[in-house]
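To start, the structure under review is shown below, and the notes come after it.
Numbering (the working numbering), first residue to last: -19 to 79.
This is the structure:
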């Protein structure tokens, strides 16, 4: 059974777990939000984008010595919040900029 708490209101309508994910993914997402760690991670990733605009998620992770999955998961949440924007040049990786 999926958790009853809606993740949508917590960070601008971008759920941390997809509807098709296992229950354990939803539980982990709820725990990450409830603990405040997800917000700490979003703040960290935002600071990386502000410091190194125009970098891909992988580049930001390397520059900030942060797990690449943390960066890749938090960037879309920050985009949903209107704090970063993404650019996808033809044939290149998505790069991220502060708004």
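Yeah, the Cβ is synthetic: ideal placement off N, Cα and C, and Gly gets one too.
Under the three-state reduction of DSSP, residue 25 is assigned to helix. Using a Cβ-Cβ distance cut-off of 8 Å, the region 8 to 21 and the region 60 to 70 are not in contact, since fewer than three pairs of beta carbons, one from each stretch, lie closer than that value. Less than 8 Å separates the beta-carbon of residue 75 from that of residue 36. Taking C-beta atoms as the reference points, residue 19 and residue 50 fail to come closer than 8 Å.
Going by C-alpha positions, residue 33 is about 33 Å away from residue 0. As computed with DSSP, residue 76 is found in a beta bridge with 35 and 66. Listed in chain order, the non-local C-beta contacts of residue 29 below 6 Å within the same chain comprise 64, 76 and 78, local neighbours out to five positions each way being set aside. Shown here, residue 61 sits in coil according to DSSP, grouped into three states, outside any helix or strand.
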